[in-house]
Ligand SMILES: [Ca+2]
Ligand SMILES: [Ca+2]
């Protein structure tokens, strides 16, 4: 009885530790939690375990929007194996690759996912991490790009850095002057919000 119990306990403990190890051996992260629209999203995936892992899908990174719709897939070197201690990096330009022509995705919440397989192609984990994209032209920082932001841009129209009506919040391209380039960015972001 004592032996059976200890065997059971032993198998429970090893099951528990292997589950913990599975979640601990991959690191999937983005360099920031929040990006402005159009900013590069830098993604890093590290195999921090002691086994080589494999990817069935090439490329293994996918980006989904808040509704779960896949909007982009990573471009990677031609490899489907990742040895222990090695990393994959991907910079996503926020373009939806599945539209023709590709378009910048709207502001909102996004998730990056990787499917991780073992050497016999069994799925062992689907690590994911989420991040947020906010509009670039949200001058008053209320989460929306609308007539309020247009009003602020209008108030600072043609102002240069140092002028009393210069407003850095509407200098969307940060070139120290409020002009048609900033209006163009506001136009691109018009009615974006999350
Ligand atoms: Ca706003
Ligand atoms: Ca500007």
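Residue numbers (our numbering): -2 to 191.
All C-beta atoms in this analysis are idealised placements derived from N, C-alpha and C, irrespective of residue type, glycine included.
Here the structure is a predicted model, which means the values were calculated and not measured.
key: Among 82, 40, 182 and 48, nearest to residue 57 - alpha-carbon criterion   = Residue mapping note: residue 57 aligns to position 60 of the chain shown, counting from 1. That would be 40, whose Cα lies nearest to the Cα of residue 57.
ask   = Cα separation between residue 150 and residue 157?
value = For the purposes of this step, residue 150 is taken as the residue at position 153 of the chain shown. For the purposes of this step, residue 157 is taken as the residue at position 160 of the chain shown. Going by the C-alpha atoms only, they are around 12 Å apart.
key: Local conformation of residue 189 per DSSP, three classes   = For this step, residue 189 is matched to residue 192 along the chain shown. Residue 189: coil per DSSP, three-state reduction.
request  = Specify the secondary structure class of residue 174 as computed by DSSP and reduced to three states.
outcome  = Here residue 174 corresponds to residue number 177 of the chain shown, with the count starting at 1. It is a strand residue.
request  = Give the single residue among 80, 178 and 97 whose Cα lies nearest to the Cα of residue 69.
outcome  = Here residue 69 refers to the residue found at position 72 of the chain shown. Nearest of 80, 178 and 97 to residue 69, Cα basis: 97.
ask   = Who pairs with residue 154 in a beta bridge, going by DSSP?
value = Reading the chain shown from its first residue, position 157 is the one you call residue 154. Partner(s): none; residue 154 has no beta bridge.
query = Once you ignore the five residues that flank residue 179 on each side, which residues in its own chain have a CB closer than 7 Å to its CB?
reply = As a working mapping, residue 179 is identified with position 182 in the chain shown. Around residue 179: 150, 167, 168, 169 and 170.
Segments of 3+ residues assigned as beta strand (DSSP E) that fall wholly inside the stretch 89 to 158 = 105 to 111, 120 to 122 and 125 to 131
Beta bridge counterpart(s) of residue 26 as assigned by DSSP = Position 29 of the chain shown, counting from 1, holds the residue named residue 26. Per DSSP, 41.
request  = Report the partner residues of residue 58 according to the DSSP bridge assignment.
outcome  = Taking the chain shown and counting its residues from 1, one reaches residue 58 at position 61. In the DSSP output, where bridge partners are listed per residue, residue 58 has 111.
task = Please classify residue 120: is it buried, with 16 or more other beta-carbons within 10 angstroms of its beta-carbon, or exposed?
result = Within the chain shown, the letter at position 123 stands for residue 120. With fewer than 16 Cβ atoms within 10 Å of its Cβ, residue 120 is classed as exposed.
ask   = What three-state label does DSSP hand residue 167 in the structure shown?
value = Against the chain shown, residue 167 aligns to sequence position 170. Residue state, collapsed to three classes: helix.
ask   = With distances taken between CB atoms, is the gap from residue 163 to residue 153 smaller than 9 Å?
value = Taking the chain shown and counting its residues from 1, the one referred to as residue 163 is at position 166. Taking the chain shown and counting its residues from 1, the one referred to as residue 153 is at position 156. Yes. Within cutoff.
query = Sorted by chain position, which residues of the same chain lie with C-beta nearer than 8 Å to residue 100's C-beta, five sequence neighbours on each side aside?
reply = Within the chain shown, the letter at position 103 stands for residue 100. Closer than 8 Å at Cβ, skipping near neighbours: 92 and 93.
Shell residues, 5 Å Cβ cut-off relative to heavy atoms of ligand 2 = 168, 170, 172 and 179
request  = Give the range of the beta strand (DSSP E) segment to which residue 53 is assigned.
outcome  = Here residue 53 is taken as the residue at index 56 of the chain shown, counted from 1. No beta strand (DSSP E) holds residue 53; DSSP gives it neither H nor E.
Residue 184 in three-state terms, based on DSSP = In the chain shown, the residue the question calls residue 184 occupies position 187. Of the three classes helix, strand and coil, the one that applies to residue 184 here is helix, per DSSP.
request  = Find out if the Cβ-Cβ distance for the pair residue 111, residue 123 is shorter than 9 Å.
outcome  = Here residue 111 refers to the residue found at position 114 of the chain shown. Here residue 123 refers to the residue found at position 126 of the chain shown. Contact: yes.
request  = Assign residue 148 to buried or exposed, taking buried as 16 or more other Cβ atoms, counted over all protein chains shown, within 10 Å of its Cβ.
outcome  = Position 151 of the chain shown, counting from 1, holds the residue named residue 148. Residue 148 should be labelled exposed.
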